[in-house]
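Structure first, commentary second.
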């Protein structure tokens, strides 16, 4: 049976955070609240020193029928009640392997990094597949994560998992295999300007004919751009391509 203590491990032990440092927290929470007001995503902050949730936004997607205060008060115990046991074990493994991998990268990359994965939340008799991203927002002097920002949105995947580690500005990202328990490096997609233009015009709801006219290209050329996009991004349609490009800042 998974316990809350399983999420707080030696590879990210945080010590000696004093009251003076906690005075920096209020502006951080205000910033998170402002971001939450303007976003469709759920947002929360994890405090790895006090081992609790520092802030939880009011967006109902993450709350599973509870209030934001109830989720904040429960902290990691919220996961024990609202995530399937099999996926709780996956989250514990992600937590352990993710922190070990985080500790292996240079300090210059740590503050630019984030990890993303998908799992189900249980809300009554329903299960919702969500995407969860976590990034350090405040770190200790020895490079441990003190405060992390988490963003929750609906997943575009069909199953739990899909664990990736990214460093903003790097064309390399890493995927984690639950079978081999290893991280594997991958090269990220790089879009050509015409491919970006097709995506942006598609986001306006334009048809292939309209995009072709706007770009002064033939319909067949636009179809060719789209096929290349789908192949590069490993997606099946323009909606998935747009979601991927926005998520990974390719536009």
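Numbering (the numbering used here), first residue to last: 9 to 259. Note that the Cβ used here is the ideal one computed from N, Cα and C, for glycine as well.
Within the DSSP bridge table, the entry for residue 128 names 137 as partners. A residue is called buried when at least 16 other Cβ atoms come within 10 angstroms of its Cβ; residue 165 does not meet this threshold and is exposed. A direct Cα-to-Cα measurement between residue 103 and residue 207 gives close to 34 Å.
Taking 7 Å as the cut-off, the beta carbon of residue 159 is found closer than this to the beta carbon of residue 51. DSSP places residue 52 in the uninterrupted beta strand (DSSP E) bounded by 50-55. Counting every other CB atom within 10 Å of its CB across the protein chains shown gives residue 77 a total below 16, marking it as exposed. Annotated as proximal: residue 90 and residue 130, with beta-carbon spacing under 7 Å.
Within the DSSP secondary-structure output, residue 64 pairs in a beta bridge with 52. Short of 7 Å from the beta carbon of residue 25, and not among the five residues preceding or following it, lie these beta carbons of its own chain, in chain order: 57 and 154.
When beta bridges are read from the DSSP output, residue 172 appears opposite 124 and 183. The three-state secondary structure of residue 33, taken from DSSP, is helix. Residue 163 carries a coil assignment under DSSP once its states are collapsed to helix, strand and coil. Taking residue 92 as reference, the option from 137, 146, 226 and 59 with the minimal CA-CA separation is 137.
Following the DSSP letters along the chain, one finds residue 193 inside the beta strand (DSSP E) bounded by residues 190-195. Its Cα nearest to that of residue 170, the residue 186 stands out among 186, 162, 161 and 177. Bridge pairing for residue 72: absent [DSSP]. Comparing alpha carbon positions, the residue from 167, 14, 112 and 162 closest to residue 150 is 112. Secondary-structure assignment with DSSP links residue 38 through no beta bridge to anything.
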